[in-house]
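Enquirer:
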Amino acid sequence: MRKIILASAALALLAGPALAQTTVVTTTEPKSDGERAAGTLAGTGAGAVAGALVGGPVGAVVGGVAGTVIGGAASAPDDVQQYVVANPVNPVVVQGDVKTGYVVPETVTLTPVPSNPDYVYFYTNDRPVIVSKADRRVVAYVER
Numbered sequence: 000m001r002k003i004i005l006a007s008a009a010l011a012l013l014a015g016p017a018l019a020q021t022t023v024v025t026t027t028e029p030k031s032d033g034e035r036a037a038g039t040l041a042g043t044g045a046g047a048v049a050g051a052l053v054g055g056p057v058g059a060v061v062g063g064v065a066g067t068v069i070g071g072a073a074s075a076p077d078d079v080q081q082y083v084v085a086n087p088v089n090p091v092v093v094q095g096d097v098k099t100g101y102v103v104p105e106t107v108t109l110t111p112v113p114s115n116p117d118y119v120y121f122y123t124n125d126r127p128v129i130v131s132k133a134d135r136r137v138v139a140y141v142e143r
């Protein structure tokens, strides 16, 4: 019963910020601090709830920390987004559903972002896709 109450309280707390979080950047305008905080908070809460349901109070703490890291890193910095929009490359065809978390195949050439070596990008369907250089996972789409 305690787990259900904890999960319900956490979900109620997160309802607003979780709804505000998006994985698509709709303009080239910089993301506000509030939008970044909403992503981090939603990640924290979702991780805590999942952890609590699986591992009790200790699981809630571990899940919350993991969710914070994932939620906060779910998008690329503003300067990276602006760079990829200002510097288009030839689009490529990619098999599969390219969305946040998608691992880009080794056959796709990724272009580095000079100001931030943690990110690379490519274009598909005339849209830039920002990728984490460390693991080739998509972190954001940018609509122009």
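The sequence shown begins at 0 in our numbering and counts up one residue at a time.
All C-beta atoms, glycine included, are put in the ideal place defined by N, C-alpha and C.
1. What is the C-beta distance between Ala-139 and Gln-80, in whole angstroms, given that I count them as a contact (C-beta under 8 Å)?
2. Please name the residue or residues paired with Pro-127 in a DSSP beta bridge.
3. So for Val-144, helix, strand or coil by DSSP?
4. Using the Cβ count rule (16 or more neighbours within 10 Å means buried), how would you classify Ile-129?
5. Check each candidate in Tyr-118, Asp-96, Val-84, Pro-111 and name the one with the smallest Cα separation from Glu-142.
Expert: Short version:
1. That belief holds up - the Cβ atoms of Ala-139 and Gln-80 are roughly 7 Å apart, short of 8 Å.
2. Bridge partners of Pro-127: Tyr-122.
3. This structure does not reach residue 144, given that the chain is present from 0 up to 143, and the question cannot be answered.
4. So Ile-129 ends up on the buried side.
5. Comparing alpha carbon positions, the residue from Tyr-118, Asp-96, Val-84, Pro-111 closest to Glu-142 is Val-84.
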